[in-house]
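Read the structure below first, then the notes.
Protein chains: 2
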Amino acid sequence: MAFKVGLLGLGTVGSGTAAILLDPAQRHPLLKELKIHRVGVRSLDKARAVDLPVEQLTTDLESIVTDPEVDVVVEVMGGLEPARSLMLKAIAHGKHVVTANKAAIARYGDEIFTAANAAGVYVLIEAAVAGGIPVIEPLKQSLCANRIQAVTGIVNGTTNYILSRMQSEGSDFNEVLADAQRLGYAEADPTADVDGLDAADKVAILASLAFGGRIKLPEVHCEGIRSVSAADIAYAEKLGFVIKLLATAKRDAVGEDEAEQLQVRVHPTLVPKSHPLASVNGVYNAILIEGDPVGQVMFFGPGAGSGPTASAVVADILNIAAILKVGRDTVVQPDGKPLLDPLLACSHQHYSKITPIDELVTRFYARVLTQDSPGVIGKLGTCFGNHEVSLESVVQTGLRDDSAEIVVITHYVREGNFREALAEIQSMESVQSIASVLRVL
Amino acid sequence: MAFKVGLLGLGTVGSGTAAILLDPAQRHPLLKELKIHRVGVRSLDKARAVDLPVEQLTTDLESIVTDPEVDVVVEVMGGLEPARSLMLKAIAHGKHVVTANKAAIARYGDEIFTAANAAGVYVLIEAAVAGGIPVIEPLKQSLCANRIQAVTGIVNGTTNYILSRMQSEGSDFNEVLADAQRLGYAEADPTADVDGLDAADKVAILASLAFGGRIKLPEVHCEGIRSVSAADIAYAEKLGFVIKLLATAKRDAVGEDEAEQLQVRVHPTLVPKSHPLASVNGVYNAILIEGDPVGQVMFFGPGAGSGPTASAVVADILNIAAILKVGRDTVVQPDGKPLLDPLLACSHQHYSKITPIDELVTRFYARVLTQDSPGVIGKLGTCFGNHEVSLESVVQTGLRDDSAEIVVITHYVREGNFREALAEIQSMESVQSIASVLRVL
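In order, the protein sequence lines correspond to chains A and B. Letter 365 of the first sequence, counting from 1, is numbered 365 in our numbering, and no numbers are missing. Counting from 1 along the second sequence, just add 1000 to a position and that's the residue number in our numbering.
Written as structure tokens, this is what we have:
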């Protein structure tokens, strides 16, 4: 019995996937039953990292997703189109789909999973979040008995690499970014990474799995790390924190209408040094899941790269092969469609309500440049107090370019109140500028 | 459609399991389809942490495993017998089994899984290792594309708690053990924990899953933490290490007969402070899995306790319910037996070959008490050299009770050679005693 894989894309992840499929020794015995049937590429002439018979390659990707012999379509080409259309066509042709495409799933998950459910096929996405770290399947299966309270992660290796180096070297963002680009840790156009968009895609997917409702990507609040300065990292360090780009999905306090709400957001965050995520450095990813009754569990590992991502892709292919092997797809419902495993398939269809950012209750760090005159701290404190912003600490650490620098950390406050206070502070005569505002875990 | 659960045991884990089953809100919707059918207890009169109708309780455990209405038998009573016999009887009656019983699985796994395969039922064991941390399912499913090279874990919370406190307080083993017993972190009879037996059960199970061969428990080399002294922890600290009780399962270099061999062992180990396992403190567990091509992934969380362990138990029940729901158990082979999912069932039947401890190649730490005379270090070094033991560092740190204390860390050496050198050193006139010998990661 052989299960035939149609591979769309033979780049970094595609080559890694093919390399595993071609070398099954000492892996799960089921791997021996997988066969690469066709591989869709952009050009037939390019030199490849893996050795595949030339007749398996084709530039006609549509012929793969419609090929009656293909059991599983593996989409590792990336990008929104034609990836989305090819996945939908594969589903329409009764193929199971495995994809590493976080961007397409975060945007078109609704359309893709609805189509998959209608066709009675699986769309598995372990590789779409945190590369080789098992987190999708644990959320779907191993932790499915829990009432998940929060998922908090470092899910973008590039920004974690940059922040880790800024931390260890005291360097500024632009300097480290340039070096990261030179070394291949950041893309020539770093926008998706450093502006938090890649992390937003991933947290939307995680939130959807953790809380069983779909997420509208534009509702995910997203700030990147361009505004994080060496000065902020140094102050954070002194106060017992490191700065990380965190992706957070959290069950919020029930709103006024008693409907459940979620916080889903990406932003640089001051993380206490004793927190498990604080020591995750370099290109590594980690995801902390909090649930009742499990408590806190954390998953750590390589969040990108050919091998790790391919590990997740092939695991998903094997999971589908196991289903096919047992012949579960031949068990049909009265309407003739195969029954789907309720833990593996995507069963939710409603959209989760997201707490508007103004109503978010969180802690803040702010660095304010002021005139070096007595009474400024008092004025700031009074202004925050008037807006019901309670402060945990206020530190004036000395002069920088003839300005006094005051660093404030708040207790939990409503974002709207904090922003109102900041606006008022900004307009004070003795205040030169609000140099930075960050959130605190 | 309701799936009926027969629960054997209503202690810590059993109560936690029942508590989840009785409160499905905001958990996976499939949970609403699980019903507690019968609960087997030792006494009907005991006060219980969960509120169950009295008619569900019975002291006749056998009536549960033979009850035609029960779909899944959940064994959370612990101990070897009658747990083993009840699981076998449940399997013989066509029940799927979920168990948290590491001791029974490590000893009778062969018998239990063979019976399950013959009967066409699943035996799921997520809760048997590392409590609430998903590690069994990730090894079976999410990481199944990898060639696993090593699994290294802190899998016993009691010993990690004791070692963490010895580390932070500078206290001695017996002192911390007594306090841990007073606080409920260690049992009145601490043998299974502090002598490493509990960790040995768990690493045998992990090795079996990671490398696809059964493990004979008596072949697992096992040393506990009784011999770890405050002095060793202090020296380790100075040299850049912390001491942890590590459970290790590792694919060994191929032996002379070219058969694959495994190292499977439990012992206190000097772990470099920069290693991901070094910062896992207190009762927490963590498991580091190294595979090709995933690299290193680590799972961290609560390794014991009612809630976390119940989280794993109920996840396994839900996984079985998902299979039953889809009706996969009605797909039969030509011989009439249900087909089992090759990733979820235990398919291996051979026993793995274990490298004898004498042939193990590892690094050592030794603390030697000698006369305070010149030339002793030279004698030690020469003796080690004669036995082909290469040293990484030799430190003489001063006097203790009129003896000089010499701490040695070796490069990788064959255990047999190291032991021969030690025997010779022990007999030297200038050597008073070999105070401790530990391994180094």
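Think of the CB as a built atom: it goes at the ideal place given N, C-alpha and C, for glycine as much as any other residue.
Length-filtered (3 minimum) beta strand (DSSP E) runs lying within the region 314 to 373 of chain A: Correct list: 361 to 370.
7 Å CB neighbourhood of Glu1081 of chain B in its chain, flanking five on each side removed: Here residue 1081 of chain B refers to the residue found at position 81 when the second sequence is read from its first residue. Cβ within range, chain order: n/a, list empty.
Cross-strand partners of Thr58 of chain A (DSSP beta bridge): Stepping through the first sequence from its first residue, residue 58 of chain A is reached at position 58. The secondary-structure analysis by DSSP pairs Thr58 of chain A across a beta bridge with A:Gly40.
As assigned by DSSP and simplified to three states, the class of Arg1439 of chain B: As a position in the second sequence, residue 1439 of chain B is number 439, starting the count at 1. Three-state result, Arg1439 of chain B: strand.
Straight-line gap, Asp201 of chain A to Ile287 of chain A (C-alpha atoms, nearest Å): Position 201 of the first sequence, counted from the start, is the residue given in the question as residue 201 of chain A. Position 287 of the first sequence, counted from the start, is the residue given in the question as residue 287 of chain A. Our two residues, Asp201 of chain A and Ile287 of chain A, have alpha carbons roughly 15 Å apart in a direct line.
Chain A within 8 Å of Cys1222 of chain B, Cβ atoms only: In the second sequence, the residue the question calls residue 1222 of chain B occupies position 222. The beta carbon of Cys1222 of chain B does not come within 8 Å of any beta carbon belonging to chain A, so the residue lies off that interface.
Residue from B:Asp1110, B:Leu1052 and B:Ile1320 whose Cα sits closest to the Cα of Asp1071 of chain B: The sequence position of residue 1071 of chain B within the second sequence is 71, counting from 1. Among B:Asp1110, B:Leu1052 and B:Ile1320, the Cα nearest to that of Asp1071 of chain B belongs to B:Ile1320.
Nearest-angstrom Cα separation, counted from Ala116 of chain A out to His350 of chain A: As a working note, residue 350 of chain A is residue 350 in the first sequence. As a working note, residue 116 of chain A is residue 116 in the first sequence. Taking the straight line joining both Cα atoms gives about 16 Å.
Contact set for Glu392 of chain A: own chain, Cβ-Cβ below 8 Å, skip 5 residues either direction: Here residue 392 of chain A refers to the residue found at position 392 of the first sequence. Same-chain partners within the cutoff: Arg363, Ile409, Thr410 and His411.
Euclidean distance between Cα positions of Ala19 of chain A and Ala1145 of chain B: The residue you call residue 19 of chain A lines up with position 19 of the first sequence. The residue you call residue 1145 of chain B lines up with position 145 of the second sequence. Their backbone Cα atoms lie some 11 Å apart in a straight line.
Endpoints, the beta strand (DSSP E) within which Gln261 of chain A is located: What you label residue 261 of chain A is simply residue 261 of the first sequence in a count that begins at 1. Gln261 to Pro272 is the span of the beta strand (DSSP E), which, as asked, contains Gln261 of chain A.
Gln1026 of chain B: contacting residues in chain A (beta-carbon distance under 7 Å): Position 26 of the second sequence, counted from the start, is the residue given in the question as residue 1026 of chain B. Ordered by position in chain A, the residues that pass the 7 Å Cβ test against Gln1026 of chain B are Arg147.
Option in A:Lys32, A:Asn101, A:Gln333 and A:Ala47 with minimal Cα separation from Glu126 of chain A: Position 126 of the first sequence, counted from the start, is the residue given in the question as residue 126 of chain A. Residue nearest to Glu126 of chain A within the set A:Lys32, A:Asn101, A:Gln333 and A:Ala47 is A:Asn101 (criterion: CA-CA distance).
Counterpart residues of Ser1403 of chain B in DSSP-defined beta bridges: Sequence index remark: in the second sequence, residue 1403 of chain B carries index 403 (1-based). In the DSSP output, where bridge partners are listed per residue, Ser1403 of chain B has B:Arg1400.
Environment of Gly1044 of chain B [buried if 16+ CB atoms lie within 10 Å]: Reading the second sequence from its first residue, position 44 is the one you call residue 1044 of chain B. The sequence shown places Leu at residue 1044 of chain B, rather than the Gly named in the question. That one is exposed.
Distance, Phe1113 of chain B Cα to His1348 of chain B Cα: Your numbering for residue 1348 of chain B matches position 348 in the second sequence. Your numbering for residue 1113 of chain B matches position 113 in the second sequence. C-alpha of His1348 of chain B to C-alpha of Phe1113 of chain B: approximately 9 Å in a straight line.
Buried versus exposed call for Glu290 of chain A [16 or more other C-beta atoms within 10 Å across all chains shown]: Residue mapping note: residue 290 of chain A aligns to position 290 of the first sequence, counting from 1. So Glu290 of chain A ends up on the buried side.
Identity of the residues DSSP links to Lys244 of chain A by a beta bridge: Position 244 of the first sequence, counted from the start, is the residue given in the question as residue 244 of chain A. For Lys244 of chain A, the pairing in a beta bridge is given by DSSP as A:Thr269.
Meets three-Cβ-pair contact criterion under 8 Å: the region 306 to 324 of chain A and the region 2 to 19 of chain A: These segments touch.
Leu88 of chain A, DSSP secondary structure in three states: Counted from its first residue, the first sequence places residue 88 of chain A at position 88. The answer is helix: DSSP assigns Leu88 of chain A an H, G or I state.
Met1428 of chain B to Ala1249 of chain B span [Cα, whole Å]: On the second sequence, position 428 is the one that residue 1428 of chain B refers to. On the second sequence, position 249 is the one that residue 1249 of chain B refers to. Between the alpha carbons of Met1428 of chain B and Ala1249 of chain B lies a gap of roughly 36 Å.
Buried/exposed call for Val1065 of chain B, threshold 16 Cβ in 10 Å: Here residue 1065 of chain B corresponds to residue number 65 of the second sequence, with the count starting at 1. The residue in question, Val1065 of chain B, is buried, as its Cβ has 16 or more Cβ neighbours within 10 Å.
Sequence-distant residues of the same chain with beta carbon closer than 6 Å to Ala1090 of chain B, five excluded per side: Taking the first residue of the second sequence as 1, we reach residue 1090 of chain B at position 90. Answer for Ala1090 of chain B: Val1065, Val1073 and Val1097, listed in chain order.
Short-range partners of chain B found in the region 123 to 149 of chain A, where Cβ spacing is below 7 Å: Residues passing the 7 Å Cβ filter: Glu126, Gly132, Ile133, Pro134, Glu137, Pro138, Gln141, Ser142, Leu143, Cys144, Ala145, Asn146 and Arg147.
Beta carbon proximity, Ile105 of chain A to chain B, threshold 8 Å: For the purposes of this step, residue 105 of chain A is taken as residue 105 along the first sequence, with counting starting at 1. So no, Ile105 of chain A is outside the interface.
Ile215 of chain A (DSSP reduced to helix, strand or coil): As a position in the first sequence, residue 215 of chain A is number 215, starting the count at 1. DSSP places Ile215 of chain A in coil when its eight states are reduced to three.
Limits of the unbroken beta strand (DSSP E) element including Ile1425 of chain B: For the purposes of this step, residue 1425 of chain B is identified with residue 425 of the second sequence, where counting begins at 1. Taken as a continuous stretch (DSSP letters only), Ile1425 of chain B belongs to no beta strand (DSSP E), being part of the alpha helix (DSSP H) at Glu1415 to Gln1426.
Beta-ladder partner(s) of Leu1206 of chain B, from DSSP: Position 206 of the second sequence, counted from the first residue, corresponds to residue 1206 of chain B. Beta-bridge pairing links Leu1206 of chain B to no other residue.
Cβ separation of Leu1360 of chain B and Glu1415 of chain B, assumed to be a contact under 8 Å, to the nearest whole Å: For the purposes of this step, residue 1360 of chain B is identified with residue 360 of the second sequence, where counting begins at 1. For the purposes of this step, residue 1415 of chain B is identified with residue 415 of the second sequence, where counting begins at 1. Rounded to whole angstroms, the Cβ separation of Leu1360 of chain B and Glu1415 of chain B is 4 Å, and the two are in contact under 8 Å.
Euclidean distance between Cα positions of Glu1219 of chain B and Arg1419 of chain B: Translated into positions along the second sequence, residue 1219 of chain B becomes position 219. Translated into positions along the second sequence, residue 1419 of chain B becomes position 419. If I take the Cα positions, the gap works out to 19 Å.
Per DSSP, the bridge partner or partners of Arg1147 of chain B: Position 147 of the second sequence holds residue 1147 of chain B. DSSP lists B:Asp1292 as partners of Arg1147 of chain B.
Chain-order list of residues whose beta-carbon lies under 8 Å from that of Lys1140 of chain B (same chain, five-residue window excluded): Residue mapping note: residue 1140 of chain B aligns to position 140 of the second sequence, counting from 1. Cβ within range, chain order: Leu1209, Leu1343 and Leu1344.
Neighbour flag for Leu30 of chain A against chain B, beta carbons, 8 Å: Here residue 30 of chain A corresponds to residue number 30 of the first sequence, with the count starting at 1. Judged by the 8 Å Cβ criterion, Leu30 of chain A is in contact with chain B.
CB-CB length for Thr370 of chain A against Gln432 of chain A, believed under 8 Å: Taking the first sequence and counting its residues from 1, one reaches residue 370 of chain A at position 370. Taking the first sequence and counting its residues from 1, one reaches residue 432 of chain A at position 432. Their Cβ separation, rounded to whole angstroms, is 6 Å, which keeps Thr370 of chain A and Gln432 of chain A in contact under 8 Å.
Beta-carbon gap between Gln181 of chain A and Ala192 of chain A smaller than 8 Å: Here residue 181 of chain A is taken as the residue at index 181 of the first sequence, counted from 1. Here residue 192 of chain A is taken as the residue at index 192 of the first sequence, counted from 1. No, the Cβ-Cβ distance between Gln181 of chain A and Ala192 of chain A is not below 8 Å.
Min CB distance Phe1300 of chain B to chain A below 8 Å: Indexing the second sequence from 1 puts residue 1300 of chain B at position 300. It does; some Cβ of chain A falls within 8 Å.
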